[in-house]
Structures are given as structure tokens and as C-alpha cells.
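Just below is one structure, and these are the notes that go with it.
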Amino acid sequence: MQTRRKRPGRPPTTGLTAPQMRTLRLIRNQIVHRGYPPTIQELAGALGITHASVHDQVNQLVRKGYLERERRKARGLSLGRQPDGEVSALVAIPIVGEVAAGKPIFAEENIEGEVLVEARAAGRGRCFALKVKGDSMVGANIENGDLAIVRQQPAAENGDIVVALLGDEATVKRLHISDDGIELRPENPRHRPIPVREDEDFRIVGKVVAVRRHG
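Counted the way this note's numbering counts, the sequence shown spans residues 141 to 355.
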């Protein structure tokens, strides 16, 4: 009697994609620091993705054994196996709705919420997230509605993407410094560089260190 050999199938995927790792970090961070996991709605808001995408990522994490699910609970997730390598800590930084000259960045009326980012992306120093308006920086993969993660600092180097104040208006541009002066340059040929006059009220608020899509 002949026995059929089983065809070798594709081995199960146990590694994590970058979005799955970010979702796991967020869940792990809240369980460790608050004692309970986030809901799907909270995950979607913090990650800036749809509920369907969150469901898919959580299901993959459960299937791979990194999460365990308790049914019929809104917060029915618990940690399973540890991923290879360290899961970076997340920090909550404020989302600032407006930056204006003479007005404290972190004034209570400016804060619209929080976003979680990897601690290593934020680095040292105080950070905030600013919602980007317009398409002037699309060439740098910064689109309308994105959150620019900004490390607050009063100076930056030539070529850095910065949040700068011109009068009462904040703008996100690439800083260009030369013997001829300072320009704030867009990353979109449809927009013109902004020369900074010597008599102009100009200051750097911070340097953009990361960008997050925000739905």
C-alpha cells in the first residue's frame, strides 16, 4: 500500500511586522503602566488607523501567541509570549492644536489629546505633536493631517525639518542656512521658499523627529 507524502507547507509566521510590533508595544505599555489593556477604539485612536486594521493586527498577534484573548470583554487582552528583542517603551506626548508667538506651547487650551510614540523616537527633551496643515512637505512624506512629532528646542542645524514661528503663524519647513541668510524651504515644487528677513519676528520652536499618520 502506497502512502502519500505530505507536501511541505509554508511554516507559520511568528515574526512581527513593524505595525504589529507598534500595536504590541502600545498594548504592553498600557498593561504594564495602567494594569489593563486598551480597547479596540482606543488602539485605533492612538495608532491613527481604522478599527478593521486594529482587529486584523490584534488577531495576528493572538494567532502568533504574543497576545491572549478573553472573550466577551472589551478589555479582554493579556500578554502572551515575549517577542525576540526588546519591546521599546512608549511615551505619551501632547497633541498641540495651535502654536502662536507669546503663547505657551503647552497651555491647557492648546492641548487636543495625546499620542503614543516610541521613547527612542522622541529622544531626550520635551516633545509635542503638531497637526500638519497643507501639502507643502509632501516630498518629505509629511502630508495634510499628519502629526509631526516635535522635540522642543530653540535652535536647529541646516537641513533639519523644523517647526518655526513667523510672527503669530507656525509652519513646518526644512531649514536652510547660508551666507545669504535663512530660508524655510518646502518639499513641494508648488510652494515657494520663505526667506526670513532680519527684522522679522522669527524663532525655531523645535525639530521634527518623527511623523505619525493620524486618521
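For every residue, glycine included, the Cβ atom is placed at its ideal position computed from N, Cα and C.
Throw me the rounded Cβ distance for the residue i and residue j pair, which I believe falls under 8 Å.
| i | j | result |
| --- | --- | --- |
| E327 | G279 | 3 Å |
| R165 | L219 | Actually they are not in contact, since the Cβ atoms of R165 and L219 sit about 11 Å apart, beyond 8 Å. |
| L270 | V302 | Not confirmed; about 11 Å, so no contact. |
| A350 | V255 | The Cβ separation is near 10 Å, so there is no contact. |
Starting from residue i, trace the alpha helix (DSSP H) in both directions and tell me its first and last residue.
| i | result |
| --- | --- |
| A192 | H191 to R203 |
| I180 | I180 to L187 |
Starting from residue i and walking both ways along the beta strand (DSSP E), at which residues does that stretch end?
| i | result |
| --- | --- |
| L156 | Taken as a continuous stretch (DSSP letters only), L156 belongs to no beta strand (DSSP E), as it is neither H nor E. |
| E323 | G321 to R325 |
| G253 | I251 to E258 |
| F246 | That residue, F246, is in no beta strand (DSSP E); it is neither H nor E in DSSP. |
| K271 | C267 to K271 |
| S276 | Here S276 belongs to no beta strand (DSSP E), and DSSP marks it neither H nor E. |
| I235 | L230 to V236 |
| R140 | No information on residue 140 is available, as it lies outside the stretch 141 to 355 that the chain covers here. |
| V290 | L287 to Q292 |
| R215 | Unbroken run through R215: none, as it is neither H nor E. |
Here's the rule I'm using: 16 or more other beta-carbon atoms within 10 Å means buried, otherwise exposed. How should residue i be labelled?
| i | result |
| --- | --- |
| P169 | Looking at the sequence shown, residue 169 is not Pro but Asn. When all chains shown are included, N169 counts as buried. |
| R144 | For R144, the predicted model reports a pLDDT of 48, less than 50, meaning its position is unreliable; a value from the coordinates is still stated below. With fewer than 16 Cβ atoms within 10 Å of its Cβ, R144 is classed as exposed. |
| Q181 | exposed |
| E258 | buried |
| F268 | buried |
| S318 | exposed |
Distance check for residue j and residue i, CA to CA, integer angstroms please.
| i | j | result |
| --- | --- | --- |
| G340 | L305 | Checking the sequence shown, residue 340 turns out to be Glu, not Gly. Approximately 10 Å, taken between the alpha carbons. |
| P177 | L287 | 24 Å |
| D320 | G155 | 51 Å |
| R337 | I289 | 27 Å |
| A241 | R332 | 23 Å |
| R223 | I167 | Residue 223 is actually Pro in this sequence, not Arg. Rounded to the nearest angstrom, the two C-alpha atoms are 13 Å apart. |
| D297 | I189 | The sequence given here places Glu at residue 297; Asp does not occur at that position. E297 and I189: Cα-Cα distance of roughly 33 Å. |
| G274 | E283 | 7 Å |
| K313 | G346 | 11 Å |
| E323 | A184 | 38 Å |
| T179 | G216 | 8 Å |
| R330 | R343 | 25 Å |
Who does residue i pair with in a DSSP beta bridge?
| i | result |
| --- | --- |
| R343 | L305 |
| H316 | E323 |
Is the CB of residue i under 7 Å away from at least one CB in chain C?
| i | result |
| --- | --- |
| D308 | Within the model displayed, chain C is absent; a lone protein chain is all it includes. |
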